[in-house]
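Inspection log for the structure reproduced underneath, given as structure tokens.
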Amino acid sequence: MVGLVAIQDVRTWLSWIAVVPCALWAAVRLSGFEPDWPWVPVVAFTPYATVATVVAGLLACALRQRAPGTVALVAVLALVPAVLPRALTDGNPDAKGPGLRVLAANLLVGQADTEELMRLVDRLRPDVLALQEFTPAAMERLDEAGVRKVLPHAVTHPRLGVGGSAVYARYPLEAGKLIMKGAFGQATAWLKHPGGARIEVVSVHPCAPKRYGRQPCWQAGLEALPRGGDALRVLAGDFNATLDHLPMRDLLAAGYRDAADVMGKGFVATWPQNGSLVQSPGVTIDHVLADSRMAVRAFEVLSLRRTDHRPVFAELRLP
């Protein structure tokens with residue numbers, strides 16, 4: 001009898017040990033509250049946590065533990081609706097205007113392969129190219145490679161280190177106000193589309209919340225991005241955030257749609273790219289956010305040598 005009680009106790013403890021972290025994750029993720037580090041970088045792994053929650057629930061069921069199994073079920077029912085839609089295609093608004101092709105790439109302190117980036121430009125024929133970690137040396141190499149022959153208009157803010165950004169375009173650009181938070185600059189530009197539309201484009205790159213104390217800079221960088229609803233806007237680049245981060249969810253609620261999510265490719269990881277020195281499960285932190293009045297016709301996650309991020313490309317249609 002004592003042995004049976006001991007076995008039962010072990011099963012109960014094992015079940016709770018597996019279930020409690022998952023339940024706490026679900027509670028914080030859905031609470032509307034976002035603690036500082038380490039939660040901010042950790043919450044990016046919510047899709048993995050959702051799978052772990054399902055496994056924890058199955059373990060509790062296998063061990064015949066009703067209470068932990070019930071808690072796990074509640075956590076699963078909370079998390080799955082938050083993440084599963086990223087794998088499902090969404091509908092589009094009835095946008096019948098001209099197309100807009102957007103390519104965004106983080107250059108890893110300007111080290112990305114310029115020739116390969118130009119091959120992407122030649123193949124994809126973007127109307128807009130948004131670059132992050134854009135250095136003076138990277139700008140010089142792009143100029144030598146002929147980027148201005150293909151994308152003759154540009155708003156560039158090259159900086160040493162990680163804080164530079166740029167917007168290149170096929171059509172005329174008017175420089176907007178540079179968004180500066182910490183050492184990170186986010187270039188803004190107004191594009192005059194030949195179809196008549198005027199579109200604000202932002203090359204997005206807020207601070208990376210890699211350690212304690214970086215959350216205010218990261219959050220401020222995302223909160224400084226323009227909200228949707230009046231002018232047409234496209235935000236593209238390295239957001240250092242997934243759709244599980246509260247500032248990203250607020251941004252989407254303010255008039256944008258994530259192109260990857262619309263096309264059912266929201267689980268395709270963009271960082272770290274294969275071959276990176278950074279060893280981490282893949283997360284989706286590079287995005288193209290389109291005004292909710294725009295239709296998303298295509299989305300693709302690409303490869304680019306000598307950078308830790310994978311470029312992203314979206315084909316949009318204006319209203």
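Heads up: the sequence shown begins at 1 in UniProt numbering, then just goes up one per residue. C-beta: ideal position from N, C-alpha, C; glycine also. Please read these numbers as outputs of a predicted model, since none were measured by experiment.
Quick check on DSSP: helix, strand or coil for residue i?
i	result
Thr53	helix
Ile17	helix
Gln111	coil
Leu120	helix
Trp39	helix
Thr307	coil
Thr135	coil
Gly99	strand
Glu34	coil
Phe267	coil
Asp143	helix
Ser276	Unreliable positioning characterises Ser276 in this predicted model, as indicated by a pLDDT of 47, which lies under 50. A coordinate reading is not provided.
With C-beta atoms as the reference, is residue i less than 9 Å away from residue j?
i	j	result
Leu107	Leu129	no
Gly163	Gly185	yes
Leu225	Leu251	yes
Val43	His245	yes
Pro272	Asp308	yes
Ala314	Val283	no
Gly97	Val76	no
Gly176	Ala187	yes
Ala259	Leu191	no
Pro216	Asn240	no
Leu243	Leu120	no
Met118	Ala145	yes
Quick one: measure Cβ to Cβ for residue i and residue j, integer angstroms, because I've assumed they're closer than 8 Å.
i	j	result
Asp291	Val234	7 Å
Val268	Val301	5 Å
Arg306	Ala105	With 8 Å as the limit, Arg306 and Ala105 do not qualify as a contact, their Cβ atoms being about 11 Å apart.
Pro311	Arg293	That pair is no contact at about 25 Å.
Is residue i near the ligand FMN, in the sense that its beta carbon is under 8 Å from a heavy atom of that ligand?
i	result
Val43	Inclusion of the ligand FMN in the displayed structure is not the case, the ligand content being empty and no account of it being possible.
(request) Evaluate contact between the stretch 52-66 and the stretch 94-105, counting only Cβ atoms and requiring at least three cross-stretch pairs below 8 Å. (result) Segments in contact, no.
(request) Flag this pair as touching only if the stretch 122-142 and the stretch 166-179 have three or more C-beta atom pairs under 8 Å; answer yes or no. (result) yes
(request) Within the stretch 175-204, note down every full alpha helix (DSSP H) run reaching 4 residues or more, in order along the chain. (result) none
(request) Can you check the stretch 221-263 for any beta strand (DSSP E) of at least 3 residues that lies completely inside it and give the ranges in chain order? (result) 232-238 and 256-258
(request) Count the C-beta pairs between the stretch 67-76 and the stretch 170-186 that are closer than 8 Å, then say yes if the count reaches three, no if not. (result) no
(message) With a threshold of 8 Å, are at least 3 pairs of Cβ atoms found where one atom belongs to the stretch 47-60 and the other to the stretch 15-33?
(response) yes
(request) For the stretch 113-130 and the stretch 87-94, state whether three or more C-beta atom pairs, one from each stretch, are separated by less than 8 Å. (result) no
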